[in-house]
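Novice:
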Amino acid sequence: MSLLNLINNSSISSEFKAIAQKVVNNIRITEDEALLLYTKADLSYLGALANYVREEKHGDNTFFNHNFHIEPTNICIYNCKFCSYVRKINQDGAWEFSSEDILNKVREFDGKPVTEVHIVGGVHPHRDLHYYGKIIAEIKKIRPELHVKAFTAVELEFMIKKAKLSLEEGLKTLKEYGLDSIPGGGAEIFHEDIRKELCDEKASTDMWLTIHEAAHKVGIPSNATILYGHIEKYEHRIDHLSRLRNLQDKTKGFNTFIPLKYRKENNSLSHIGEVSAIEDLKNYAISRIFLDNFSHIKAYWPSIGRSTAQLSLAYGVDDIDGTIDDTTKIYSMAGAEDSNPKMTTNDLVNLIKQVNRIPIERDTLYNIIKKYD
Ligand code: V47
Ligand code: SF4
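Following this line, the structure appears as structure tokens:
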């Protein structure tokens, strides 16, 4: 259904017509309206509205990149309840790669057309900013043009503090070592009541937002995430979106928003189960409608599976991340569909073309590398 039909459709209530009217007129929706969307709107209505916003911003263009992940360690001082990945030093299943192991992982991609390395891991008690900074500098020597997107705000807070620098000094120093951007992890849920329940020990909401604001100030762009589908309520998701929308108004430093569905295997929240694919689509759509100042909404396919990622392209999503090349364990350990997440360029292009969208290979900052039409 087109958006105009939707607005004129007599079976749609006046409150939903008013929201659609606002979206068409480029007027931002309120938190109360977002709550109405979460609690009362049909999925078909949400899809039409989110797709309108997506097509106004990007037409049929659908982005992906050639990337790989390095997870230097799963040793972490924290104990987030949703985490399936964390281990303590000497515990079974713990790993830590040496600097040389990490550099060898980069060398494995010699001659392959990757444009980005995504580096995140646990918060290791003995590693500071200079340890990781020097590794980034070595990566840049091996492959100067490779974009280094590294370290969640949670890792950054710890490594900067350990090096006894202020946030701004720490971020500037990492930039000098070669850090190009910051991924969106560690955001989880900003609402303090829920954050306290899930991950009380690690960087607070204010710290996460302060680090991203400071990064934007020193010229380091970043991403943002939400971890949804566990103990939070819709009000908490809206509060999260609202805090991100406010910061983006201030800095314009976020590239993309990535909703991450809670996956239940091998962690201490397993008993609560997972939300449905319908809930995933609804959440993508409302994120797209609410975050009017974010250019991109990304469905990270290793976290939700290829089918839902493909469906999400009709619910506001315009980006499905990258080839990954079987280099991340965060989601396979938490029970996601792909135990060895990896897609070839052909797989990604076909997945996008099958739903009549135009695949675009991008770099991390959304410069177009190749259009597959
Ligand atoms: O912060 C951990 C999440 C995040 C589980 O910026 C879980 O481009 C679901 O942030 N179920 C790290 N999620 C991954 C991340 C990310 C991924 C892809 C792209 C980008 C980007 C960022 O993973 C953590 C946490 O929110 N996570 N455990 C779990 N059981
Ligand atoms: Fe550590 Fe990150 Fe797992 Fe939390 S989510 S325990 S910070 S690795």
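Quick note: the sequence shown uses this note's numbering, first residue 795, plus one each step.
Here a beta-carbon is modelled for each residue, glycine too, at the ideal position from N, C-alpha and C.
1) Whose CB is closer than 6 Å to a heavy atom of the ligand SF4? List the residues in chain order.
2) Which residues in the same chain have their Cβ closer than 8 Å to the Cβ of residue 1130, if we skip the five residues on either side of it in sequence?
3) So for residue 908, helix, strand or coil by DSSP?
4) In three-state terms, what does DSSP make of residue 1022?
5) Whole angstroms is fine: what's the gap from residue 838's alpha carbon to residue 1072's?
6) Helix, strand or coil for residue 1089 per DSSP?
7) Based on the DSSP secondary-structure assignment, which residues constitute the bridge partners of residue 1113?
8) Does residue 907 pass the burial test, meaning 16 or more other C-beta atoms within 10 Å, or should it be called exposed?
9) Quick one: give me the first and last residue of the alpha helix (DSSP H) that residue 1057 is part of.
10) Specify the secondary structure class of residue 890 as computed by DSSP and reduced to three states.
11) What does DSSP give as the partner residues of residue 811 in its beta bridges?
12) Taking contact to mean 3 or more Cβ pairs, one atom from each stretch, closer than 8 Å, check whether the stretch 946-955 and the stretch 989-1007 are in contact.
13) Between which two residues does the beta strand (DSSP E) holding residue 1164 run?
14) Are three or more beta carbon pairs between the stretch 928-937 and the stretch 1140-1148 nearer than 8 Å?
15) What residue range is occupied by the uninterrupted alpha helix (DSSP H) comprising residue 947?
16) What residues in its chain sit with their C-beta under 8 Å from that of residue 1002, if we drop five residues either side in the sequence?
17) Could you compute how far the alpha carbon of residue 1125 sits from the alpha carbon of residue 824?
Specialist: With the structure as the only source:
1) 870, 872, 873, 874, 877, 879, 880, 916, 917, 948, 993 and 996
2) 1057, 1096, 1097, 1098 and 1099
3) coil
4) strand
5) 11 Å
6) coil
7) 857 and 1092
8) exposed
9) Premise fails: residue 1057 is in no alpha helix (DSSP H) and is neither H nor E.
10) strand
11) DSSP output for residue 811 lists no bridge partner at all.
12) yes
13) 1162-1165
14) no
15) 947-956
16) 947, 948, 980, 981 and 984
17) 33 Å
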